[in-house]
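Asker: Numbering of the sequence shown is given in the numbering used here, commencing with residue 980 and proceeding in unit increments. Provided herewith is a single structure, encoded as structure tokens, for subsequent inquiry.
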Amino acid sequence: MTENTPSLPVVLSAAQPTGALTLGNYLGALRNWVTMQDDHDCLFCVVDLHALTVRQDPKVLNDRIFDLAAVYLACGIDPEKSDVFIQSHVPAHSELSWLLNTFTQMGELERMTQFKDKSKRHKNNINAGLFTYPVLMAADILLYGTNRVPVGEDQKQHLELARDIASRFNNLHGPVFNVPEPMIAKGGARVKDLQDPAKKMSKSAESDLAKIMLTDPAKLILKKFKKAVTDSEGVIRYDEQNQPGVANLLNIWYTTLGKTQEEALDHFSHNMYGKLKVETAEAVIEMMTPFQERFQALQNDRPYLEQVLAKGAQKARARAEIVMKKVQSALGLPLDQNRFGQ
Ligand code: ATP
Ligand code: LTN
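Shown next, in the form of structure tokens:
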């Protein structure tokens, strides 16, 4: 792709290789990435540098990076249509992140709820990277002239910051960056923890019962849904405030099946919680089975994954240079002729 190619809207999204993905990651993000591939110019990144903001075992991290790439492909990301790559393979992400740090205020970063949550959970390692995490995320996005960013609800605040950084830079130095739009899925944007439906389902939750992993076998998925926390009202209504557990199950059921909230209420309103739990589990199992088969095959084919990622990185590196050149010129940094040519 060159600067002058008449182009489709650019989409970029990413997930961290911090462990196996949950149903929340799938319904809130990955499933929507897959559907955007036909009418968007898509880049999907494995953000390994972001994962380093909490301590990682190097060997485990290395495996998780490839596993996450396998998850992308098993979900239906097609490397012929989309660019799939590892963040650390494109050094311009770190480079732009440094430059954007100087356009980001401490106060803005202090307000980020993910930073506040993670600092509470990792009290012994509140490192500067955890604090500037959203700036690296802004760099991921702005580096490719991204128009749309499909993410779960929890990332909305980071997206707002990326927009503010882009606008601030443009106001000072001219129109270098596209200001990206968040794309938040309707139904699956905030899948809740099955044990504490006040929280989002997170892959780093301590309790195994709290989260459905994409790789969980059918029996375990059923068990986790059966043990999901509901309430003592005994009536199926959609009331996020007073019946968050039931609302979460309804949400998972209708999003998984591509139905609406009204259809879910029609289907379940005269039933007991047991039926809701079992049918939700069945819907999820049916959706996940083909994914799991593809994932296993890909996970065992490291050479193929490496080849896809090498090709993806090569394309991404070339694309990133277009924006890096504009940024450096706009800031008055002399262009390296060996890098950018005359
Ligand atoms: P961690 O728990 O390690 O912070 P995470 O699962 O919150 O990880 P990512 O792997 O980076 O974070 O998330 C990838 C995508 O999944 C993001 O777009 C995020 O918004 C989305 N996502 C994460 N959790 C949920 C959820 N419970 N519901 C809907 N979307 C989610
Ligand atoms: N912070 C995101 C992951 C992420 C991301 C991105 C998402 C890093 N860079 C760029 C979209 C676009 C999260 O989901 N925790």
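A virtual CB, placed ideally from N, CA and C, is assigned to each residue, including glycine.
Got a sec: does ligand 2 put a non-hydrogen atom nearer than 7 Å to the Cβ of M1180?
Answerer: Checking the Cβ of M1180 against ligand 2 gives no.
Asker: State the Cα-Cα distance for the pair K1179 and M1015, rounded to the nearest angstrom.
Answerer: Approximately 24 Å, taken between the alpha carbons.
Asker: Assuming L1122 and A1071 are in contact, meaning their beta carbons sit under 8 Å apart, how far apart are those beta carbons, in whole angstroms?
Answerer: With 8 Å as the limit, L1122 and A1071 qualify as a contact, their Cβ atoms being about 6 Å apart.
Asker: If you count every other CB in all the chains shown that lies within 10 Å of the CB of T981, and 16 or more means buried, which is it?
Answerer: Bear in mind that the predicted position of T981 carries a pLDDT of just 45, short of 50, making it unreliable; the figure below should be weighed with that in mind. T981 should be labelled exposed.
Asker: Could you give the first and the last residue of the continuous beta strand (DSSP E) run that contains I1065?
Answerer: First-last of the beta strand (DSSP E) with I1065: 1062 to 1065.
Asker: List in chain order: all unbroken alpha helix (DSSP H) runs of 4+ residues lying wholly within the region 1197 to 1253.
Answerer: The qualifying runs are 1197 to 1205, 1223 to 1236, 1240 to 1247.
Asker: Does the separation of the CB atoms of T1032 and N1106 fall below 8 Å?
Answerer: Yes, the pair counts as a contact, with Cβ atoms nearer than the cut-off.
Asker: Could you round the C-beta distance between F1319 and E1300 to whole angstroms and report it? I think they count as a contact, below 8 Å.
Answerer: The pair is a contact, with the Cβ atoms about 7 Å apart (cut-off 8 Å).
Asker: CB L991 to CB I1191, shorter than 8 Å?
Answerer: No, Cβ-Cβ distance for L991 and I1191 is not below 8 Å.
Asker: Within a Cβ cutoff of 7 Å, which residues of the same chain sit near V1069, ignoring the five residues on either side of it in sequence?
Answerer: Counting only Cβ-Cβ distances below 7 Å, and skipping sequence neighbours, we find A1292, A1295, R1296, A1299.
Asker: Within 10 angstroms of its Cβ, does T1081 collect 16 or more other Cβ (buried), or is it exposed?
Answerer: With fewer than 16 Cβ atoms within 10 Å of its Cβ, T1081 is classed as exposed.
Asker: Excluding the five sequence neighbours on either side, which residues of its own chain have a C-beta within less than 6 Å of the C-beta of L1326, listed in chain order?
Answerer: Outside the shown range of the chain, which is 980 to 1321, sits residue 1326, and nothing can be said about it.
Asker: Report back the beta-carbon spacing between V1025 and P996 to the nearest angstrom; my notes put them in contact at under 8 Å.
Answerer: With a Cβ gap of about 6 Å, V1025 and P996 count as contacting.
Asker: Should T1001 be counted as a contact of ligand 1 given a C-beta to heavy atom distance under 7 Å?
Answerer: Yes, since a heavy atom of ligand 1 falls inside the 7 Å radius drawn around the Cβ of T1001.
Asker: If you measure between the beta carbons of A994 and L1000, is that distance less than 8 Å?
Answerer: Yes. Within cutoff.
Asker: Quick check: does the Cβ of Q1134 come within less than 7 Å of any heavy atom belonging to ligand 1?
Answerer: Yes; taking the cut-off as 7 Å, the Cβ of Q1134 has a heavy atom of ligand 1 nearer than that.
Asker: May I ask you to report which of helix, strand or coil DSSP gives V1306?
Answerer: In the structure shown, V1306 sits in a helix (DSSP, three-state: H, G or I).
Asker: Which of helix, strand or coil does DSSP assign to D1046?
Answerer: D1046: helix per DSSP, three-state reduction.
Asker: With a threshold of 7 Å (Cβ to nearest heavy atom), would T1008 be considered close to ligand 1?
Answerer: Just to set this straight, residue 1008 is Ala in the shown sequence, not Thr. Correct: A1008 has its Cβ closer than 7 Å to ligand 1.
Asker: Starting from F1023 and walking both ways along the beta strand (DSSP E), at which residues does that stretch end?
Answerer: Its beta strand (DSSP E) spans residues 1020 to 1025.
Asker: With distance defined between alpha-carbon atoms, name the residue in A1049, W1012, R1034 nearest to D1280.
Answerer: Nearest option by C-alpha distance: A1049.
Asker: On the DSSP letters alone, give me the boundaries of the alpha helix (DSSP H) that S1073 sits inside.
Answerer: Looking at the DSSP string, the run of the alpha helix (DSSP H) that includes S1073 is 1071 to 1080.
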